[in-house]
Amino acid sequence: MLKATKVRIYPTPKQAEFLNRQFGAVRFTYNKALHIISSQYKRHGLKLKAKKDLKPLLAVAKKSRKYHWLGDFDSIALQQACINLDKAFQAFFDPKLPARYPKFKRKHGKQSSYHCMSVSAGDNWIKVPKMKPIKARVHRELDGKLKSITLSRTVTGKYYASLLIEDGVEAPVPMQTVDTVLGVDMGLTHLAIDSEGNKIANPRFLKRAAANLRRKQKALSRCQKGSKGRAKARLKLAKAHERLANARADFQHNLSRQLIDENQAVVVETLKVKNLLKNRKLAKHIADASWFGLIQKLEYKAKAQGKYLVKIDQWFASSKTCSCCGHKVDSLPLSVRNWTCPACAAELDRDINAAINIRQQGIIKLRAEGLSAPANGGLRKSGHAPVAA
449 MLKATKVRIY PTPKQAEFLN RQFGAVRFTY NKALHIISSQ YKRHGLKLKA KKDLKPLLAV
509 AKKSRKYHWL GDFDSIALQQ ACINLDKAFQ AFFDPKLPAR YPKFKRKHGK QSSYHCMSVS
569 AGDNWIKVPK MKPIKARVHR ELDGKLKSIT LSRTVTGKYY ASLLIEDGVE APVPMQTVDT
629 VLGVDMGLTH LAIDSEGNKI ANPRFLKRAA ANLRRKQKAL SRCQKGSKGR AKARLKLAKA
689 HERLANARAD FQHNLSRQLI DENQAVVVET LKVKNLLKNR KLAKHIADAS WFGLIQKLEY
749 KAKAQGKYLV KIDQWFASSK TCSCCGHKVD SLPLSVRNWT CPACAAELDR DINAAINIRQ
809 QGIIKLRAEG LSAPANGGLR KSGHAPVAA
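One rule links them: number in my numbering = place in the sequence shown (from 1) + 448.
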């Protein structure tokens, strides 16, 4: 089974200079290929493919006087730039994916280069072609065959290596009997509400960092473009955003790990976040909650353990349906947090009721796939919701 791990690397000044030049060569290859494809289509109507038509030309370009400098860098990394562009065009032309037309890579954005030949790694180092071993902080055992290394540099100037390893272990067989199923309703006041009545507070990382971000953004806007002061201010702002993103990702990793470890199936709603972001009043809070990021982490963690993440129909009225008798009310404004079922007089918490309904729909879906799922419970007696940071 393929597993990936990301480690921090610490190149020497000389190595960092070479890495930056290599990132530049990869970026140049991508942008040049994109320019050729776009211009040839506009001028002559030719539909070129980056992987099929342009990747073979790299060897020719290296022998030319104008582009001979490309020979200083790993050829696999340059070829991968063409492959990545080809994938970007495939996503753009796929009607099922909301991808836009490929854009040119920026010098000051995130940079990366892919290597799969002559790569190796040890306890505190990694090795890629054209370079001596680079110091690394490897925080876990690298058991298995190293397939590839992708080097990257963040906007804040930190360097990382993503290691792809074949560990030789077969992927776990999906469970046929599911005993514990948990329904999870996503929200803003509480990030997640489960069918057992636990409510996980929304950390609101963006709101807590807003004053600091606003101050640094104002400092950046006051600086003259092209000045050293502006470069320093931009770096400070980028580091603040990086800390925010890291805090959010860490919280989601811990929460998703807990939910998957304690349950054999987790059920969520299919959320169209892009449509939800059209609400101007809530867009910033929805983006900060990052429901999609949490669901992604739940999905791959469940798959790695042979468990299930079940997504139910987005149009299912989980909040407006009574979880006790199944009666559905015509309307239920967002301001109503508790309501009484007119059919069975049950007192319902809006969010917990929705989570229970989501769980019940998930069980129906699991059974439809031929799996054995609990009829009336399978509820855990232990387990507490993590406290938001």
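For glycine and all other residues, C-beta sits at the position ideal for the given N, C-alpha and C.
As a quick exercise: from the options, pick the residue whose alpha carbon is nearest that of residue i.
i    : options                   : result
Y607 : A765, A452, N468 and Q762 : N468
E589 : Q753, K454 and V784       : K454
V784 : K768, C772 and N694       : K768
D761 : V716, Y748, I804 and L742 : V716
L757 : I811, H775, S675 and L505 : I811
K558 : K666, I531 and T598       : T598
A649 : V629, L683, K676 and F699 : F699
E795 : R678, R670, C773 and Q463 : C773
L594 : S675, M565 and T604       : M565
R691 : Q463, L654, K673 and S669 : L654
V567 : V777, I524 and S512       : I524
V621 : K776, A752 and L782       : A752
A659 : C671, H689, A569 and N532 : H689
A697 : K687, K745 and C671       : K745
Q528 : F471, H701, A695 and Q706 : F471
Y748 : A539, L661, H701 and R513 : H701
E644 : R662, E710 and L730       : E710
L742 : W763, K673, A731 and R705 : R705
Under 8 Å, Cβ to Cβ, is there at least one residue of chain B near residue i?
i    : result
K673 : The structure shown contains no chain B; it is built from a single protein chain.
Counting C-beta neighbours from all protein chains within 10 Å, is the total for residue i 16 or more, i.e. buried, or is it exposed?
i    : result
D520 : exposed
C789 : buried
I800 : buried
N727 : exposed
D534 : buried
A452 : exposed
V508 : exposed
N805 : buried
S820 : exposed
P651 : buried
L639 : buried
S738 : buried
N532 : buried
A569 : buried
A765 : exposed
Closer than 8 Å by C-beta to residue i: which residues in its own chain qualify, once you throw out the five before and the five after it? Chain order, please.
i    : result
Q808 : G631 and S771
L780 : S767, K768, W787 and R798
Q488 : L494 and L496
C530 : T477, Y478, A481, A498, K499, L502, K503 and L506
Can you name, in chain order, every residue of its own chain whose Cβ lies under 7 Å from the Cβ of residue i, other than the five neighbours on each side?
i    : result
K755 : M623, I708, Q712 and A713
M449 : D615, V617, E618 and A619
K432 : It is not possible to answer for residue 432, since the shown part of the chain is limited to 449 through 837.
A735 : L725
F552 : N479 and L482
V626 : Q712, A713, Y756, L814, L819, S820 and A821
A687 : Per the sequence presented here, residue 687 reads as Lys, with Ala not at that position. Only T604 meet the Cβ criterion.
Beta-carbon separation of residue i and residue j under 8 Å?
i    : j    : result
S596 : L612 : yes
L814 : H733 : no
F719 : M634 : Reading the sequence as shown, one finds Leu at residue 719 and not Phe. Going by C-beta atoms, L719 is nearer than 8 Å to M634.
A684 : K664 : Reading off the sequence, residue 684 comes out as Lys, not Ala. Closer than 8 Å, so yes.
I582 : P459 : yes
A536 : P550 : yes
R585 : R682 : no
S561 : V474 : yes
L668 : R678 : yes
R396 : F540 : Since the displayed the chain opens at 449 and closes at 837, residue 396 lies outside it and no answer follows.
A791 : H775 : yes
Please go through the same chain and pick out, in chain order, the residues whose beta-carbon is closer than 6 Å to the beta-carbon of residue i, but skip the five residues on each side of it.
i    : result
D522 : H563, P577 and K578
I485 : L496
D642 : L630, V632 and A803
E817 : none
H587 : none
K695 : Note on residue identity: the sequence assigns Ala, not Lys, to residue 695. Counting only Cβ-Cβ distances below 6 Å, and skipping sequence neighbours, we find F653.
Please find out if some non-hydrogen atom of the ligand MG comes closer than 7 Å to the beta-carbon of residue i.
i    : result
A525 : The ligand MG is not among the ligands present in this structure, which contains no ligands whatsoever.
Counting only runs of 3+ residues fully inside the region 643-682, write out the beta strand (DSSP E) ranges in chain order.
647-649
Could you name each continuous alpha helix (DSSP H) segment of 4 residues or more that falls completely within the region 731-800, going from the start of the chain to the end?
731-737 and 739-752
Hey, which unbroken runs of the beta strand (DSSP E) at 3 residues or more fall wholly within the region 485-568?
Correct list: 559-563.
Please give me, in chain order, every unbroken run of the beta strand (DSSP E) with length at least 3 that falls completely inside the region 585-637.
593-601, 607-614 and 629-634
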